[in-house]
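Everything below concerns the one structure shown next.
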Amino acid sequence: MTIGLLLYYVSLLGITLLLVQSLNLIWRVRLFSLGHHGFFGLGAYVAVMVTKILVPKGAGQLPVGLGQRLEGLGVVAASVLAGFGTAFSVAWVMGRFFRRVRGDYFAVATLIFAEIIRGSFSNISYVGGGLGFEAPYLVLSRVGEERILYEAFYSTALLMVNILVFAIVRRIDGSVYGLYLSGLKEDCIALEHSGVDVVSLQSMLFSWCCGLAGAAGAMFLHFTTLVVPGDFSFVNGLPVILAVAMGGLHSSGCVMAAAFIYIVYEGLKNGFFGLLEWEYAAMASDWKDAILGLILVVSVVSLALRGRRRQVVRRHEEGP
Amino acid sequence: MRYLADQVLNGLSLGCVYALLAIGFAMVFGVLKLLNFAHSEIFATGAFIGYFALRWLTPDFAGSPLLLLLAAIMIAGSGAGVLAMIIEKVAYRPLRDYRGEGVLLTAIGVSIAIQNIGIQFFSAHARGYPPLELPFPPKAVAVVILVLSFLLLYGLIHWTSLGLEVRAIAEDLSTSRLLGISPPRLVTLTFFVGGFFAGVAGVVWGIVYGVIHLQMGFYPGLKSFIIAVIGSIGDLPGTFVAGIGLGLLECLLAAYLPPPISAYRDPLTLSLLLALLVWKPHGILGSSEPEKV
Amino acid sequence: MNKRVRTIIASFLFVTTLASCRAERDSRSNSTLVVGGVLSQTGPAAAYGSDADKGARLALERLSRDGLPFSIQYVSRDDRSDKTEAAKVGQSLIEIDHADIILGPAISPSALSLGKIAEERQVPLVGTSPTQDEVTKSEAYDRRYVFRVCFNDSFQGEVLARFAAERLGKKTAVIVYDKTLSYSIGLARTFREEFERLGGVIQHEENYSVQDTDYSVLIDKVANFKADVLFIPGWDENVGPMIKQAGDRWDRFTLLGGDAWPTPRFLELAGGNISDAYALSHFVPEDPDPRVQDFVGSYKKKYGEIPSPFAALGYDAMLVIVDAAKRSGSFDGPALRDALAVTNNLGVVTGNLSFDDSRNPRKEAVILRIHPDRFDFFERVEP
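Sequence order for the protein chains is X, D and R. Here the working numbering is used: the first residue of the first sequence is 256, the next is one more, and so on. Here the working numbering is used: the first residue of the second sequence is 102, the next is one more, and so on. Here the working numbering is used: the first residue of the third sequence is 2, the next is one more, and so on.
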């Protein structure tokens, strides 16, 4: 395990965490979106278009000199903003249309939407279509000595964005909006009746969070430099949904859950980053998915059973 | 004209499979408000059991291939139903309160676990369904089987006292309990029936499309989820209509769209579905009634 | 999970991760060649990757048995037919398992993403079946560390078009390609260009997705055209069932396919519904060449089935790697790469292999005639 690889994982985790945090917030306003990966993809494809327009010569050239790197930084920033903006706008429009759609149907609607995005973009040859798109190295490159800088740059940037988002969410929790959020969790109708415009709150948060997913998509493009439509499929969106579901509806829980799942899963793949003996590593790698599924089931079920047992004990203690 | 008729038949048979899958899904959702993610795996398991049944039985069944098919369907359906019951017992029941993210999590966990354990033992590549010499084209047989299954299910739900009880707990769980209906038994039954028909759908899929693999349940499962919601969950005729509708839509769009646009047939189908969802947010045949959030 | 448990777990993970870090690759024993396998063992390309893995392991077994001046450790990982996974897994093989060379991937998107990384880390990569042209070289780059033992899309498309137009004398064709696979798109494109260049006419093009299972509409649409040839450069998992579902509606066409067709699975999935079909392949199990028979025999003995071309490619990749390692002065990336580049007429299962300037193999291909129950050697094609 090298520092470079560690930072690489941190960056990937950082992108996942952004998605997890934003989806978590959406779920907390009782909008059970299952199509978050759609906005992720949208952001990435918008970033592709921006990159193609601003950097016509495409992949293959490495940035040299401060001037080019700053320009590159500009392109990255532009695509992230464009990704954010597009996702935000689309989410806002969606929000208006889906006002009358209730809970479970909303979930399905978002799912359908995500598939539409992916299906449409994978047919547009301008953004690469089925073949995908390779972005040029814009600020730094992974070649030779620069590699460690590259990984450091992206991992730090992503870490900072995540911390920022986390801090903002904490701020929200502490404010009056936080009360609204927990109110939503308890009793939505009562909240409506006490004068809170729940629908506007939902739309606003939905837009911002989907925008964030779009920004994450743009960053994903520039970090991995290669995107194919398969990256934005539901299968790839599952770990995010999993983490949010596992973390419960508080802000820190889901982040921990995501990091935990991610580290364990990746660890299983390579024998816990080199610590396991070779044969066990191979076996773990083969069974990792099955193990993940079983862990999920076992953990949730045992938690529930424990909860029930506690209830029973309490009833006993309280007497008839 | 013949082309149109062919495509309509294609659409019908595809739609029937979707509908049957959706119904199993909708039953569980209607009764428990639970999104059974593992439904796709039950579907795939049914297909596989059918595969092995057909290969194992062929030497023995000298009778008509239709009987062979029926036997395979029965075996696969029962197997799938049993699997569904086991899943319910192990993964869902402990979470008494069937709502919430916990269940979603276990459902996904079960789905992943089954798929991947299967891959360890059976390998992920596709298998061809053993060819059957049926007296009618497989698609027609499929449609007949599926329509019959649907009628059977409808009869079960609406004309038996068991069905009445199931509908009761779907409508109002606590009141039903007060009236002496025992949910656990019925829940198990619901899962079995839902799983049974998913298994049937799996075998039919294998017969019609000829190929099965361990990850085959994913897209049909996703579509059946969409259909169950659009068909106004728990409303059988609505789900059936929605399933057929989707099948027909997919096939007709693919058949008649000119080449540059035809690549977009999937997004187009989905957009139409989405529009329908928004326009009729309580399902195709449902009425608008206020729902407690 | 209560707070204390969480903190404990988090710290444990943190500490172990740090502990396993070292600044850069350690020097390890220079007498063990670590070959990292990145192959798709699950996902849509499961067949191609797992077959290649089996082939590679067989090769390893036999080579070790025959005696080698060094020992080999083969660590194989699944890339799930996903390119990001391939990048992740490849990097961890390089940096955690200290792989000296990568065997695989089996599909082009993975080879594109991992190839980029291999080039940057200066670790040679020998792909088993990624056929997209851009894997080794494109207008924008030249990946000197990326090799492959299979021919590329341009070659396939051209050969097939020439076969159809000149050898079979066909004038019209319909193309059905998989719009989600770069392999299929690439092959369709080169076929179309060459076929039209030779005076043929492409009457219609139709597409499908790798996850489709119902081809009824496609079949009926295509059946409307009165063309000679139906070219379907797709994967066996899709084309097999497609042919089965077609029943008799496609009997008028001569079916033509690429190297992804000829697997045992293909015949099973097509359900015996084949009358007039050909495909390009890397090898035929029935080829009387003693090398092929030897390979087929030992593969059957070890795995109980007839090897597919992808197994043969995996086998060959391992042979190529070991041959280069023998000739190379050390297991350094650059040294191995240079040794690979000058591979000359190495006798492998799929022919006599040398790499050209773009690190694609210069070897023969075979055209197979496909019967309902078997593949038959039809003719050999020179590069």
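By construction, the Cβ of each residue, glycine as well, lies at the ideal position given by its N, Cα and C atoms.
Taking DSSP as the reference, what is the three-state secondary structure of R:Arg328?
-> helix
Could you name the residues of the same chain whose beta carbon sits closer than 7 Å to that of X:Ala470, not counting the 5 residues immediately before and after it, in chain order?
-> Gly298, Val335, Gly338 and Phe339
Spatial neighbours of D:Leu354 within its chain, please: CB distance less than 7 Å, with the 5 preceding and 5 following residues excluded, ordered by chain position.
-> Arg366, Leu369 and Thr370
Can you find a C-beta in chain X that's less than 8 Å from the C-beta of D:Ser372?
-> yes
Beta strand (DSSP E) containing R:Ser282: first to last residue?
-> Ala278 to Ser282
Would you tell me roughly how many angstroms separate the C-alpha atoms of R:Arg149 and R:Ser139, rounded to the nearest one?
-> 15 Å
Is there a Cβ from chain D that is less than 8 Å from the Cβ of R:Arg375?
-> no
Quick one: residues in its chain with C-beta nearer than 7 Å to the C-beta of D:Ile427, no 5 flanking neighbours on either side, listed in chain order?
-> As displayed, chain D neither begins before 102 nor continues past 394, which places residue 427 of chain D out of reach and without an answer.
Under a three-way DSSP split, which group does R:Phe226 fall into?
-> coil
Report the neighbours of D:Cys352 on chain R: residues whose CB is nearer than 9 Å to its CB, in chain order.
-> Asp215, Ser217 and Val218
Taking only beta-carbon positions, decide if D:Gln221 is within less than 8 Å of chain X.
-> yes
Decide yes or no for the touch test of the segment 272-280 of chain X against the segment 461-481 of chain X: beta carbon pairs closer than 8 Å, at least 3 of them.
-> yes
Cα-Cα separation, R:Val211 to R:Ala174 | 22 Å
How long is the line joining the alpha carbons of R:Glu25 and R:Leu126, rounded to whole angstroms?
-> Note that R:Glu25 scores a pLDDT of 41, beneath 50, so its modelled location is shaky and nothing firm can be said.
Output yes if chain X places a C-beta closer than 8 Å to the C-beta of D:Gly210; else output no.
-> yes
For D:Tyr230, which option in D:Gly125, D:Thr340, D:Trp306 and D:Phe319 has the closest C-alpha, if you only look at C-alpha atoms?
-> D:Trp306
DSSP state of X:Phe388 mapped onto helix, strand, coil = strand
Please determine, among D:Leu110, D:Cys117 and D:Asp107, the residue with the shortest C-alpha to C-alpha distance to D:Asp345.
-> It should be pointed out that residue 345 of chain D corresponds to Ile in this sequence rather than to Asp. It is D:Cys117 whose Cα lies nearest to the Cα of D:Ile345.
Per DSSP, R:Leu231 forms a beta bridge with which residues?
-> R:Val175 and R:Leu256
If contact means a Cβ-Cβ distance below 9 Å, which residues of the segment 393-406 of chain X contact chain R?
-> Ser396, Arg397, Val398, Gly399 and Arg402
By a C-beta neighbour count over all protein chains shown, 10 Å radius and 16 as the cutoff for buried, is X:Ala302 buried or exposed?
-> buried
Quick one: list the residues of chain D neighbouring R:Leu270, beta-carbon separation under 7 Å, in chain order.
-> Ala227, Gly229, Gly311 and Val312
Pick from X:Tyr435, X:Val483 and X:Val499: whose alpha carbon is nearest that of X:Leu446?
-> X:Tyr435
Residue closest to D:Leu122, alpha-carbon to alpha-carbon, out of D:Leu133, D:Leu105 and D:Ala148 | D:Ala148
Can you list the alpha helix (DSSP H) stretches of 4 or more residues lying completely in the segment 108-133 of chain R, in chain order?
-> 109-122
Cut-off 7 Å between Cβ atoms - residues of its own chain near X:Leu262, not counting five sequence neighbours on either side | Glu406, Ala407 and Ser410
List the endpoints of the continuous beta strand (DSSP E) containing R:Glu380.
-> Phe376 to Val382
What residues are listed by DSSP as bridge partners for R:Asn208?
-> R:Tyr178
Considering only residues of the segment 134-177 of chain R, which uninterrupted alpha helix (DSSP H) runs meet the minimum length of 4 residues and lie entirely inside it, listed in chain order?
-> 154-163
Tell me whether R:Thr85 is buried or exposed, calling it buried when 16 or more other Cβ atoms sit within 10 Å of its Cβ.
-> buried
What residue range is occupied by the uninterrupted alpha helix (DSSP H) comprising X:Asn417?
-> Glu401 to Gly429
When you compare each of R:Tyr304, R:Gly235, R:Leu169 and R:Gly91 to R:Asp179 by their alpha carbons, which one comes out closest?
-> R:Gly235
For X:Gly450 versus X:His291, is the C-beta distance shorter than 8 Å?
-> no
Is there at least one Cβ from chain X nearer than 8 Å to D:Asn111's Cβ?
-> no
Taking C-beta pairs closer than 8 Å, name the residues in chain R that D:Ser224 reaches, listed in chain order.
-> Ala47 and Ser51
Unbroken beta strand (DSSP E) runs of length 3 or more, entirely within the segment 177-239 of chain D: which are they?
-> none
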